[in-house]
Every structure is written in structure tokens, then in C-alpha cells.
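**Student:** Chains as they are written, first to last, in full-length UniProt numbering: chain A, 1 to 130; chain B, 1 to 151; chain C, 1 to 278.
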Amino acid sequence: MRALIVDDSRVMRRIVGKLLEEVGYDVVEAGDGAEAVAVLEGSAELPVLACVDWNMPVMDGLTFVGEVRRRPEWRSVTLMMVTTESEQEQIVRALAAGAHEYLIKPFTGEALLEKLDLLGLLPARTGSGA
Amino acid sequence: MTTVVAPDEGLVRAAVDLVWSTMLFATVEPWPSGLDAALADGVRATIELQGDWNGRLALTCPAGLAGEIAGAMIGTAAADLSAEDVHDALGEVVNVVGGTVKGALGGELALGLPDVRPCAADEATDEATDGGFVLGWNGAPIHVQVLAGRP
Amino acid sequence: MSISTTSFTFVRELVRAESAIVLEPGKEYLVEARLVPLARRGGHAGVDAYVADLAARRNPADLKLVVEALTTNETSWFRDGDPFTALRESVFPALARNRPSRTIRVWAAACSSGQEPYSILMTAQDTPELAGWKIDMLATDLSQEMLDRARAGQYSQLEVNRGLPATTLVRHFRRDGLNWKIDPALAAQVQFRQLNLVRPFPPMGRFDVVFLRNVLIYFDLATKRDILHRVRQVMAPDGHLFLGAAEMTMGVDDAWERVPAGRSSVYRIREEQRTCVP
Numbered sequence: 001m002r003a004l005i006v007d008d009s010r011v012m013r014r015i016v017g018k019l020l021e022e023v024g025y026d027v028v029e030a031g032d033g034a035e036a037v038a039v040l041e042g043s044a045e046l047p048v049l050a051c052v053d054w055n056m057p058v059m060d061g062l063t064f065v066g067e068v069r070r071r072p073e074w075r076s077v078t079l080m081m082v083t084t085e086s087e088q089e090q091i092v093r094a095l096a097a098g099a100h101e102y103l104i105k106p107f108t109g110e111a112l113l114e115k116l117d118l119l120g121l122l123p124a125r126t127g128s129g130a
Numbered sequence: 001m002t003t004v005v006a007p008d009e010g011l012v013r014a015a016v017d018l019v020w021s022t023m024l025f026a027t028v029e030p031w032p033s034g035l036d037a038a039l040a041d042g043v044r045a046t047i048e049l050q051g052d053w054n055g056r057l058a059l060t061c062p063a064g065l066a067g068e069i070a071g072a073m074i075g076t077a078a079a080d081l082s083a084e085d086v087h088d089a090l091g092e093v094v095n096v097v098g099g100t101v102k103g104a105l106g107g108e109l110a111l112g113l114p115d116v117r118p119c120a121a122d123e124a125t126d127e128a129t130d131g132g133f134v135l136g137w138n139g140a141p142i143h144v145q146v147l148a149g150r151p
Numbered sequence: 001m002s003i004s005t006t007s008f009t010f011v012r013e014l015v016r017a018e019s020a021i022v023l024e025p026g027k028e029y030l031v032e033a034r035l036v037p038l039a040r041r042g043g044h045a046g047v048d049a050y051v052a053d054l055a056a057r058r059n060p061a062d063l064k065l066v067v068e069a070l071t072t073n074e075t076s077w078f079r080d081g082d083p084f085t086a087l088r089e090s091v092f093p094a095l096a097r098n099r100p101s102r103t104i105r106v107w108a109a110a111c112s113s114g115q116e117p118y119s120i121l122m123t124a125q126d127t128p129e130l131a132g133w134k135i136d137m138l139a140t141d142l143s144q145e146m147l148d149r150a151r152a153g154q155y156s157q158l159e160v161n162r163g164l165p166a167t168t169l170v171r172h173f174r175r176d177g178l179n180w181k182i183d184p185a186l187a188a189q190v191q192f193r194q195l196n197l198v199r200p201f202p203p204m205g206r207f208d209v210v211f212l213r214n215v216l217i218y219f220d221l222a223t224k225r226d227i228l229h230r231v232r233q234v235m236a237p238d239g240h241l242f243l244g245a246a247e248m249t250m251g252v253d254d255a256w257e258r259v260p261a262g263r264s265s266v267y268r269i270r271e272e273q274r275t276c277v278p
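So, in C-alpha cells, the structure goes:
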């Protein structure tokens, strides 16, 4: 399974990427919404999950979510905002724009995995070798 | 109608505590008042809030400590990180502190993008005039400032 | 890098020996997530290095920290997921067919800081068969401090990040400074009361649903048996009991039978025992 991480912070991409890889995802990254659109357009295999930051240069995460929802061919992508925007109104806006879940920064690794579980996107882990 | 006032020390401190405990698995302490908190080679990360309150939050710390912050976030030795990684990590710290403060203030506020740059020795030492304070982690100071107004 | 089978096995055996809680395969992520902070604080390169060090030195204080990290009375919303799906998809609809009073009585018997009773109420609101019904919810705990927290219904940012769907968060909570406060109308539906499970229960009527999850594990066999026997006495004959995933009635109080409910299971009083309950 593939996951797309959209965040302008490379350190955040690395942290989220590590957590996702540990549960079995192949991770692709983008530094802003426009780059993420390009990644999706160039994908032979669409990611099942996109973790999307809100505040980014060029194209922000909310715009990106709207863009994904506008394209029927990308309907299978589950969108989770991962952002420090934490007002109730902002969460409502993101859900209205088409985000499926919302994880507020700062978060623990366990909270991220619990959100994946809610979305039915936590792959069963197999023995990982000694 | 929400009245938004400038973020106070308690709120900013709580946001910093939250970020440290969650993202770095560590605890910040107030900097002991008798100790010299001056910075020689500092890194300064700022983030802007605009709307019902206009201003910036700034975190400034020695470059070495910035590396340790990045290392703790990623879970790797500071020596293995590039300067870009370190600046990026400090930017994310101030971004999440800013977002947490913004969320708690309520009202109409927009968060800018973090700005991180090396800073001169005297830039971070005017807490008295800016309602700032100094925290300590791993034996080094972190200057926290709440700067009202546009830069 | 993920946790190795060797590390997972060591931790699983340690936790099983110390707490009787069984960490099933698939819980590697949980072990890892809980141990990363301990590993970092100890200056280890990763969880495997930390566990290898633990295994080599067997320092009782360090081992205790590990057991605590994995057995702490955790406070996720909709904890474990499956029991709440079972409530919504099978238990509540079944009760809806058999309660002309249009009232369901629920007891959360170890409610801690309140996530469980509130999760049950939110689940009831999401059950179409219960539209317009009254949920009579009693939430008890041994700790007055926990009850006060639960009653206040105020949760930190980190707590609302834990297992709570975003749609549920915006529907049932309001931002309150750094925290989130549960809808007062929801909080008002819960009656909070201090109760020690080991002592005789006060008069409290009969319940259609009892949540008694992850608390029996702390008691010895005789006490478990006694509690389960007394729970039968406050249970409607066709009621449903939820236990933790690592708990069971078999060999403890065999008047209960385990019945599958979705991906989870519930315990019900055996048909032939129902009339015998005083």
C-alpha cells in the first residue's frame, strides 16, 4: 500500500514517513499541494492514503484536498489532514472540503496509528524478523 | 464576538511544553535566573499570526541546541543531520507552537509560514521589553518572545 | 526500523507474567509506540536496543516501567473500536426491539476519566434504531479524582487526538482554550458515582448493558468470580456484558456465555441461569 505525505517540513515528512513505513506503507512525498497534484498525476499506482499539512507555500493543504475531491479518478484516495490548525471551524472546513480525518499536531505516533485504524487503513503487521 | 488578546506567557509556555513532550519526548524547564542566557551563535525561528491579533512568536537558541532538538524529533544523532534539517525542525517546532497558541486564543487568526535564520547575539536578549522568557533544555537556553506588531 | 520479533516476544512475556494481559500478535505497533519514549529517555538508538539492554540487565525498576507503559489505564475514545461497532450494529438494535419503555440502562463500571461512558452515549446517538430513545447512563469509578475529571468533561489536545473521529470531535466538543470540552448536554446524561467493585453494590436497578473492561485483570480469581456473580444480579436477563479483550468469564463464572457480536464478543447470562438469578 502506498501513502502520500504532503508537508513543507522535510523533518515532518520524515517522521510521518517512518511511522507509515513501519506499518508497511510505501511512502511518497510532496512539499506542497501543487507538487502533490503532480505526484498523483504521475502515479501508476495511486496512494490509498494522503496525509496533508494545511499551511504550505504554493498550494495549501485545504486547496489540495478540494483539488483531489474534484477529480473523480482520485476518489479512492483517503485524505487525512495532519496540521497544527486546531480550531473547530478549521476542522469543519477541512471536512467540508472533503478530508476524511483530521490529526492535530503535535501528535504521538500512537495517535496517528489509531487514526489509520479508524479509517480501516492500518495494515495488519506481519512478523518483522529478529 | 470573541475578544482576542495577545498570547500571555502561560499560554505560550504551555504550547512549548506540549510540543516538547509530544514531539521530543522531553521536558523544558525555566532557565535558572542566575545563569547567563546570552547566545553566541543562535538560530531564530519565528512564525507570524495575523488577524484579531498581529504579531510573531520567536524561539531562539544556540545552534548546537537546535541540532539536538532536530535529533530528538527525528530520533537520530544530531551529528547526522544537515543544517537544512536542523533549520527545518526548528521551523516545525515554532509552527506547531504557533498553531497551538492560535487555536487556544480563538477568534479570527491566520498562521504564517515559519522563518528560520541564524541570528546575531543581541537579537534574542530583549525579553524584558517584549514579554519574553527563557526556558532551558539540555543545559542550554531557549529564548521565547511574543512580539506584537508587524515585522 | 520496526520492532523485532525477539523484542516483541520478550515484552509480551514480561507483560503477561506481570499483569496477565496478553499482547496479541498485531500489537507490535502498540509496544513500539509505548516504548519509544522510554528508549529515547534512556539514550538508546531504538526500541530494539532498549529491549536488548533490558533483557540483559533485568533491572526490576526498568522492567516495571515497561509493564506500566503497556498496562496503564489508557484513555482512548472508542477504545478497541470493535465493542462500539458491536453496540451500534447488534446490541443496541436488539435491545431496541425488546424495550417498549424506549429506555436503555447502561453501566460503565470503571469509567476512568470518562472516555468510555461518553463514547457509549455517542454510539447510541449514531444508532438509527435508538432515535428518540433515552439512555440512562451510570458511570462509576473507584477514584474520586477520575470521577471529577470525567464529570468536568474537559480533555487535552492530546486526549482528543486519541481514537476520536474528527466528525465526532466537532459534533460533540467545543474548543476551550488549550483544551476541548464535551457538549454539556451529553455530560448531563451521565450520572457519575463512586463505587468499589469489590464491595457489595448499592441499589441501582438492572442494566441492559454493562461495560466492565480491563478491570477484572487487576483482581484474583475469587474476586473476579464474586464480581461477575454480583454483576449478574444487576443485569437484565437479556442484558449484554462487555469485557476487555484479554478477559473472559470461562472458568471464572460459567453462568455467562460468550456470544459473537460483529468482530467482537459479548457475554450474556445463559438461558438456564436467567431464572435462577435472585
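Where a beta carbon is used, it is the ideal one built from N, C-alpha and C, also for glycine.
1) Do Val28 (chain A) and Ala50 (chain A) count as a contact pair if the criterion is CB distance below 7 Å?
2) According to DSSP, is Ala45 (chain B) helix, strand or coil?
3) Which residues, in order along the stretch 62-91 of chain C, keep a beta-carbon less than 7 Å from a beta-carbon of chain A?
4) Using a threshold of 6 Å, is the CB atom of Leu121 (chain C) nearer than that to any non-hydrogen atom of the ligand PLP?
5) Consult DSSP for Pro100 (chain C) and reduce its assignment to one of helix, strand or coil.
6) DSSP on Thr100 (chain B), reduced to helix/strand/coil?
7) For the 8 Å Cβ check, are there 3 or more pairs between the stretch 25-45 of chain B and the stretch 77-91 of chain B?
8) Can you tell me the Cα-Cα spacing of Asp136 (chain C) and Tyr29 (chain C), whole angstroms?
9) In whole angstroms, what is the alpha-carbon distance linking Met81 (chain A) and Ala17 (chain C)?
10) To which residues of the same chain is Val146 (chain B) closer than 7 Å at the C-beta, ignoring the five residues directly before and after it?
11) For Pro128 (chain C), does the three-state DSSP call read helix, strand or coil?
12) In the DSSP assignment, what are the bridge partners of residue 163 (chain B)?
13) Which two residues bound the contiguous beta strand (DSSP E) that contains Ile269 (chain C)?
14) Who are the near neighbours of Lys134 (chain C) in its chain, counting only those whose CB is closer than 7 Å to its CB and skipping five residues on each side?
15) Whose CA, out of B:Gly139, B:Gly71 and B:Asp115, lies closest to the CA of Leu59 (chain B)?
16) According to DSSP, Gly55 (chain B) sits in a beta bridge with which residue or residues?
17) Rounded to a whole number of angstroms, what is the C-alpha to C-alpha distance between Gly81 (chain C) and Pro47 (chain A)?
18) Taking Cβ positions only, does Asn196 (chain C) come closer than 7 Å to chain A?
19) Taking 7 Å as the threshold (C-beta atoms), are Leu221 (chain C) and Glu247 (chain C) in contact?
20) Do we get a CB-CB distance below 7 Å when we pair Asn54 (chain B) with the residues of chain A?
21) Contact criterion: CB-CB distance below 7 Å. Does Gln88 (chain A) meet it with respect to chain C?
22) Counting contacts by CB-CB distance shorter than 7 Å, is Ala261 (chain C) in contact with chain A?
23) Would you tell me roughly how many angstroms separate the C-alpha atoms of Leu103 (chain A) and Phe173 (chain C), rounded to the nearest one?
24) With DSSP as the reference, label His143 (chain B) as helix, strand or coil.
25) Excluding five sequence neighbours on each side, which residues of the same chain lie with their C-beta closer than 7 Å to the C-beta of Arg88 (chain C)?
26) Could you confirm whether any beta carbon from chain A is found closer than 7 Å to the beta carbon of Val101 (chain B)?
27) Return yes when the Cβ of Glu108 (chain B) is within less than 7 Å of the Cβ of residue 157 (chain B), no when it is not.
28) Here's a check: name, in chain order, each residue in its chain whose Cβ is nearer than 7 Å to the Cβ of Val266 (chain C), leaving out the five neighbours to either side.
29) Check Arg71 (chain A) in the structure and name its three-state DSSP category.
30) Under the three-state reduction of DSSP, which class applies to Ser4 (chain C): helix, strand or coil?
31) Where are the alpha helix (DSSP H) runs, 4 residues long or more, that stay fully inside the stretch 179-232 of chain C, in chain order?
32) Quick one, which residues of the stretch 8-34 of chain A are near chain C if we go by CB-CB under 7 Å, in chain order?
33) Please list, in chain order, the chain B residues whose beta carbon lies closer than 9 Å to that of Gln125 (chain C).
34) For Val39 (chain A) and Thr63 (chain A), what's the separation of their Cα atoms in angstroms?
35) Let me know the secondary structure DSSP gives Trp23 (chain C) once reduced to three states.
36) Quick check: is the beta carbon of Ala130 (chain A) nearer than 7 Å to any beta carbon in chain C?
**Tutor:** Judging by the given coordinates:
1) Taking 7 Å as the Cβ cut-off, Ala50 (chain A) and Val28 (chain A) do not qualify as a contacting pair.
2) Ala45 (chain B) falls in the strand class under three-state DSSP.
3) Taking 7 Å as the Cβ-Cβ cut-off against chain A, the residues of the stretch 62-91 of chain C that qualify are Ser76 and Gly81.
4) Summarising the ligand content, the structure contains no ligands, and the ligand PLP is consequently not present.
5) Reduced to three states, the DSSP call for Pro100 (chain C) is coil.
6) Helix.
7) Flag = yes, the stretch 25-45 of chain B and the stretch 77-91 of chain B touch.
8) So the two alpha carbons sit approximately 37 Å from each other.
9) The straight-line gap from Cα to Cα measures roughly 40 Å.
10) Ala6, Pro7, Val12, Gly55, Leu57, Asp130, Gly131 and Gly132.
11) If DSSP states are grouped into helix, strand and coil, Pro128 (chain C) belongs with the helices.
12) Residue 163 (chain B) cannot be examined here, being either before or after the span of chain B that is shown, 1 to 151.
13) Start and end: Ser264 to Ile269.
14) Hits under 7 Å: Arg102 and Thr103.
15) Relative to the Cα of Leu59 (chain B), the nearest Cα in the group B:Gly139, B:Gly71 and B:Asp115 belongs to B:Asp115.
16) For Gly55 (chain B), which the question treats as bridged, DSSP gives the partners B:Leu49 and B:Ala148.
17) So the alpha carbons of these two residues sit roughly 25 Å apart.
18) Not an interface residue.
19) Going by beta carbons, Glu247 (chain C) and Leu221 (chain C) fall outside the 7 Å limit.
20) Taking Cβ atoms only, chain A never reaches closer than 7 Å to Asn54 (chain B), which makes this a no.
21) For Gln88 (chain A), the answer is yes, since a Cβ of chain C falls inside 7 Å of its Cβ.
22) Chain A, which has no Cβ nearer than 7 Å to the Cβ of Ala261 (chain C), makes this no.
23) Straight-line Cα distance between these residues: approximately 15 Å.
24) Here His143 (chain B) carries a strand assignment [DSSP, helix/strand/coil].
25) Only residues of its own chain outside the window of five on either side were considered, and among them Thr123, Asp126 and Thr127 have a CB closer than 7 Å to the CB of Arg88 (chain C), listed in chain order.
26) Closer than 7 Å: no.
27) Beyond the ends of chain B as shown, which are 1 and 151, falls residue 157 (chain B); an answer cannot be given.
28) Within its own chain, the residues whose Cβ lies closer than 7 Å to the Cβ of Val266 (chain C), once the five positions on either side in sequence are excluded, are Ala86, Val91, His240, Leu241, Phe242 and Val259, listed in chain order.
29) The three-state secondary structure of Arg71 (chain A), taken from DSSP, is coil.
30) Assigned with DSSP and collapsed to three states, Ser4 (chain C) falls in coil, not helix or strand.
31) Within the stretch 179-232 of chain C, the complete alpha helix (DSSP H) segments at least 4 residues long are 184-187, listed from N- to C-terminus.
32) The stretch 8-34 of chain A vs chain C, Cβ under 7 Å: Glu22 and Val23.
33) Close to Gln125 (chain C), with beta-carbon spacing below 9 Å, lies no residue of chain B; the smallest spacing is near 26 Å.
34) When rounded, the distance between both Cα atoms is 15 Å.
35) The residue you asked about is not Trp; residue 23 (chain C) is Leu in the sequence shown. Leu23 (chain C) carries a coil assignment under DSSP once its states are collapsed to helix, strand and coil.
36) Note that Ala130 (chain A) scores a pLDDT of 30, beneath 50, so its modelled location is shaky and nothing firm can be said.
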